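Peer 1: All residue numbers for the sequence shown refer to the numbering used here, where the first residue is 1 and numbers rise by one.
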Amino acid sequence: VKILFAGERKVCDQIFEGMNNLKDQCFAEVTASSVAMLLSFGEAIAKSKRSPEKLFVLLDMYEVMRELQPE
């Protein structure tokens, strides 16, 4: 999470400097939907039926997620 959301963490830390509870709450709210989507992707893979056709779709989705990840 620290790597994926480094920018969001930095902005929250700068805006809410000295207000630890508020900056942590803001960070959690800003990243909650993205984390939920990431976890649901893993769950969908684990629950899906194995088929060659689905493999390419999952690999394409994985590639897009990797491209969106900051370096």
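In this text, a Cβ means the ideal position worked out from N, Cα and C, and glycines have one as well.
It should be emphasised that the depicted structure is a prediction, and the values quoted were computed from it without experimental measurement.
At a cut of 8 Å, does the segment 17-29 reach the segment 41-49 through at least three beta carbon pairs?
Peer 2: Judged by Cβ distances under 8 Å, the segment 17-29 makes no contact with the segment 41-49, as fewer than three pairs qualify.
Peer 1: Please report the distance separating the alpha-carbon of Met35 from that of Lys10.
Peer 2: According to the sequence shown, residue 35 is Val rather than Met. So the two alpha carbons sit approximately 17 Å from each other.
Peer 1: Taking Val30 as the reference, which of Glu8, Leu68, Ser51 has the closest Cα?
Peer 2: Per the Cα distances, Glu8.
Peer 1: I need the boundaries of the alpha helix (DSSP H) containing Lys10, first residue and last residue.
Peer 2: Note, Lys10: alpha helix (DSSP H), 6-15.
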